[in-house]
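Here's the structure, in structure tokens; my notes come after.
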Amino acid sequence: MPFEPPFEPPRLARAAYDRAGLRRGDAEWLGDAWRTSRVLAISPDATTPVERGDGAVRLALRDPSTVDSATPRRLLGVADGVPYFTITVDEVTDGWANLREVGAAADDVQAALLTSAVALEQWHARHPRCPRCGAETSEAQAGWTRVCTNDGSEHFPRTDPAVIMVVHDGGDLCLLGRGPQWNEKRFSTLAGFVEPGESLEAAVAREVFEEVGVSVTDIRYIASQPWPFPSSLMVGFVARLSGDPSLHLDPKEMAEAHWFTRDEVQQAADWTDARATPDPDARIQGISPQLSISRYLIDGWLAGRW
Ligand SMILES: [Zn+2]
Numbered sequence: 001m002p003f004e005p006p007f008e009p010p011r012l013a014r015a016a017y018d019r020a021g022l023r024r025g026d027a028e029w030l031g032d033a034w035r036t037s038r039v040l041a042i043s044p045d046a047t048t049p050v051e052r053g054d055g056a057v058r059l060a061l062r063d064p065s066t067v068d069s070a071t072p073r074r075l076l077g078v079a080d081g082v083p084y085f086t087i088t089v090d091e092v093t094d095g096w097a098n099l100r101e102v103g104a105a106a107d108d109v110q111a112a113l114l115t116s117a118v119a120l121e122q123w124h125a126r127h128p129r130c131p132r133c134g135a136e137t138s139e140a141q142a143g144w145t146r147v148c149t150n151d152g153s154e155h156f157p158r159t160d161p162a163v164i165m166v167v168h169d170g171g172d173l174c175l176l177g178r179g180p181q182w183n184e185k186r187f188s189t190l191a192g193f194v195e196p197g198e199s200l201e202a203a204v205a206r207e208v209f210e211e212v213g214v215s216v217t218d219i220r221y222i223a224s225q226p227w228p229f230p231s232s233l234m235v236g237f238v239a240r241l242s243g244d245p246s247l248h249l250d251p252k253e254m255a256e257a258h259w260f261t262r263d264e265v266q267q268a269a270d271w272t273d274a275r276a277t278p279d280p281d282a283r284i285q286g287i288s289p290q291l292s293i294s295r296y297l298i299d300g301w302l303a304g305r306w
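Numbering (my numbering), first residue to last: 1 to 306.
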């Protein structure tokens, strides 16, 4: 059921369409739903056909009668009375779009449908065999499980939790870093995968300490967003500096990190959104795009929400 978060959720987490989980084993319902459905095709590169116009992007959905009957159909769910399925296709045509483009420019329901379709497609592509015995697995439950053909074990789509956090000093400064693969003077929030046996809050404190060498307290959950590149769930937090603000970087994870003022970060956000040429002397010249939960966390801090 939809719930009411205190603020509008991150971009890929806004549309609560009906995932119809209880229908996934109902062959008769699935057969009827298929005939009236719209079908979202995904390539192995996680791109999909779209129509573009007036700055917007819409999924170019297929009629089920055009789909080969042997193609595995995966049920995404029902939105506004219309069932949606996804299929994997081998063809790729120029101009197909990825989730970053669709997520930024399509409506909330279409962005959410593609998010699930990409996550599901990539899980199937990466898990053809049983992790217990190595035998082949086959799809079941309308694409939401794989079953071992040898020992009958059932395997579910993976979602790997990663924490992502905006760290501030309780005043006018926030801590942003730049990974070694990022452009010079472009910064983001810190982030990292949760380890087995670890709580989310402990992961926040550990990742901050490992990457930049400071301690944090007052760790609070804000929001989450699926990020199927290929299978992450980004869990967003705010945390406050505790003690010494001096930074000691892990050079494998962090090329650079600094405490920036609100004015500096807001200016970098404006340059990023306008695709404007930044002041070459500015310490920070770009931040994460609006699609990312990193940006959602930064914008909330800039607005004084957390
Ligand atoms: Zn097996």
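C-beta: ideal position from N, C-alpha, C; glycine also.
Asked: Considering only residues of the same chain and omitting the five flanking positions on each side of D18, which have a CB-CB separation below 6 Å?; Found: G77, V78
Asked: For S231, which beta-bridge partners are listed by DSSP?; Found: DSSP output for S231 lists no bridge partner at all.
Asked: With a threshold of 8 Å on Cβ separation, who are the neighbours of L291 within its own chain once the five nearest residues in sequence on each side are excluded?; Found: R11, L12, R100, G103, A104
Asked: Would you check whether ligand 1 has a heavy atom nearer than 7 Å to the C-beta of R132?; Found: yes
Asked: Where do the ends of the beta strand (DSSP E) carrying Y296 lie?; Found: Counting along the chain, Y296 falls outside any beta strand (DSSP E), though it belongs to the alpha helix (DSSP H) covering 293-302.
Asked: Where does R305 sit, in a helix, a strand or coil, going by DSSP?; Found: coil
Asked: What whole-angstrom Cβ distance do P9 and A223 have, given they're in contact under 8 Å?; Found: 6 Å
Asked: Taking Cβ to Cβ, would you say A125 is nearer than 8 Å to T47?; Found: no
Asked: May I ask whether a heavy atom of ligand 1 can be found less than 7 Å away from the beta carbon of C148?; Found: yes
Asked: Nearest by alpha-carbon distance to A303: which of D172, S232, Y221, K252 is it?; Found: D172
Asked: Please return the same chain residues whose Cβ sits closer than 8 Å to the Cβ of M1, not counting the five positions on each side in sequence.; Found: Since pLDDT at M1 reaches only 42, below the 50 mark, its modelled position is unreliable, and no value is offered.
Asked: For V194 and T277, I'd like the C-alpha separation in whole angstroms.; Found: 37 Å
Asked: Per DSSP, which residues does W29 bridge with? Please list them.; Found: In the DSSP output, where bridge partners are listed per residue, W29 has none listed.
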